[in-house]
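Peer 1: This structure is in C-alpha cells; I'll ask about it shortly.
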Amino acid sequence: MQNICISIKEVERMKKLLFSALFVLPAFGYSLEGISVESGYGTQSDVSKVTSPSDIITKEEIDEKHPFDIKEIIFNRNGFYYSSTGGFGQTVSLYLWGTDPKKTVMFIDGIRINDFTTPNVSPAYELLLLDDIQQIEVIKGVQSGVWGADAVGGVINLVTEKPKKGFHIKLKGLVGDYNTKKAGFTLTFANEKIDMLLGYHWLKTSGFSAAEPKKSDPDYGKRWDEIGWERDPYRNDTVNFKMGWNITEKDRFETVIKSIDAVIHYDA
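Each residue of the sequence shown is one higher than the one before, starting from 888 at the first, in our numbering.
The structure is reproduced here in C-alpha cells:
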C-alpha cells in the first residue's frame, strides 16, 4: 500500500483554489431576469417560476442566425432532434426529448396550430417562416395536465413581435444558391392604447431534388443534377397581422392572424 502525504501548505493552497473556483463559477452563467413565458401554464409568467425544463430563444439570437425556418434555429438546442425529407418546404419532423413528433403541441401567441380534426398529425413546421417572431418558448417534458394528451413531448410557443411606440417600417431581402430569393416588409405602430403589426414575407427557391438514387440503382452516389433529375421548387407567401387594444390597465383585447400560402413539389 502506498502512503500518501499532503502537507499543510498544500492543503491551504487547495482551499484557495477551491474558493477561487467557487467565486468565478457564477460568471459562466447567464441571467434570465426579465424574460417571461406564456406557454408554461397558459398565462404569462416569469421564466424562473416555470418548474418544467424550459428553453427560451430570444429575438437577439433569431436576428443573429437569420434562420429561414424553425428547424434552423433549434437544430443544436439541447433535447431537440429533427429529420427532413429534403430542402425548403419538404416535410420536417421535430423530436422533443425523443418523443413522437405528433406528441409535441405548437402554439402561435397562445393559439394552438395542431389540427384538432387530425390529432395524430404534427404541425407543418416546414411552412413556418420566423419573420416577425420575437421569442420562441419551449417547455420540455409532459404537459398533458395543462395542454392535453398530445403534449407528452412538450410545448412550443412562437411569440409574435410586440410593436414599439411610434411608426416603424422594416425591409428585408436575401438571395442565395439554387435561385433562392427572400423579401418582405413589416409595418408596426403603437401608442398608449393600441398597437398593430402587419408583415408580408415571400420566399421562393428553385430547390433541388429531394429524391436520390437507391443503392441498387446504377446511378447511386451521383448528384441529382448529374443524372438529370428535376428540381423540387418551393414558394411561400406569409402574412402576419397582430393588433392589441389596452382597454384598461388590466384588460387587453388582442387578435392574431397568420396566413400561409405555399406551393410545394414532392418526390413520390
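Yeah, the Cβ is synthetic: ideal placement off N, Cα and C, and Gly gets one too.
1. Around the C-beta of LYS990, are 16 or more other C-beta atoms found within 10 angstroms, so that it is buried, or is it exposed?
2. One question on the structure: do SER1096 and GLU1079 come within less than 8 Å of each other, judged by their Cβ atoms?
3. Going by DSSP in three states, VAL1033 sits in which element: helix, strand or coil?
4. To which residues does DSSP link VAL1025 through a beta bridge?
5. Does the Cβ of GLY1115 have 16 or more other Cβ atoms within 10 Å, making it buried, or fewer, making it exposed?
6. Taking the C-alpha atoms as reference points, what is the distance between LYS958 and ILE995?
7. Note down the Cα distance separating LYS1051 from ILE949, rounded to an integer number of angstroms.
8. For GLU1013, count the other beta carbons within 10 Å of its own beta carbon; 16 or more makes it buried, fewer makes it exposed. Which is it?
9. Among PHE1128, ARG964, THR1092, VAL1029, which residue has its Cα nearest to the Cα of VAL1150?
10. Quickly, what does DSSP pair GLY1094 with across the bridge? List them, please.
11. Exposed or buried, what is PHE967 when buried is set at 16 or more other beta-carbons lying within 10 Å of its beta-carbon?
12. What are the boundary residues of the alpha helix (DSSP H) that includes THR959?
13. Return the chain-ordered list of same chain residues with a C-beta closer than 7 Å to the C-beta of TRP984, the five sequence neighbours on each side being excluded.
14. For a test of the three-state rule: what should DSSP assign to TYR1153, helix, strand or coil?
15. Let me check understanding here. Comparing Cα to Cα, which of SER1009, LYS1057, GLY974, THR978 lies closest to ASP987?
16. Kindly indicate which three-state DSSP category VAL949 falls into: helix, strand or coil?
17. For ASP1119 versus TYR1065, is the C-beta distance shorter than 8 Å?
18. Pick from THR1135, ILE1134, LYS1137, MET1130: whose alpha carbon is nearest that of VAL1143?
19. State the start and end residues of the unbroken beta strand (DSSP E) segment that holds PHE967.
20. Just how far apart, CA to CA, sit PHE962 and TYR969?
21. Drop a sphere of 10 angstroms on the beta-carbon of GLY1094, count the other beta-carbons inside from all chains shown, and report buried for 16 or more, exposed for fewer.
22. Give me the residue from TYR1107, ILE1081, GLN977 with the minimum Cα distance to THR1135.
23. Between which two residues does the beta strand (DSSP E) containing ALA1070 stretch?
24. Going by DSSP, what residue range makes up the beta strand (DSSP E) through TYR1121?
25. How long is the line joining the alpha carbons of PHE1072 and LEU1084, rounded to whole angstroms?
26. With DSSP as the reference, please indicate the residues paired to VAL1164 in a beta bridge.
27. Tell me whether LEU1015 is buried or exposed, calling it buried when 16 or more other Cβ atoms sit within 10 Å of its Cβ.
28. Just to confirm my understanding: we take ILE1000, look at its own chain, exclude 5 residues before and 5 after, and list those with CB closer than 8 Å. What are they?
Peer 2: Taking the structure as given:
1. buried
2. no
3. helix
4. ASP942, ILE1043
5. exposed
6. 16 Å
7. 18 Å
8. buried
9. THR1092
10. For GLY1094, which the question treats as bridged, DSSP gives no partner whatsoever.
11. buried
12. It is Glu, not Thr, that sits at residue 959 in the sequence shown. Note, GLU959: alpha helix (DSSP H), 958-961.
13. GLY966, LYS1027, GLY1028, GLY1040, GLY1041
14. coil
15. SER1009
16. Here the sequence assigns Ile to residue 949, which means Val is not the residue at that position. In this structure, ILE949 counts as helix in the three-state DSSP scheme.
17. no
18. MET1130
19. 967-971
20. 7 Å
21. buried
22. ILE1081
23. 1067-1077
24. 1121-1133
25. 11 Å
26. No answer is possible for residue 1164: it lies beyond the span of the chain, which begins at 888 and ends at 1155.
27. buried
28. MET993, PHE994, PRO1010
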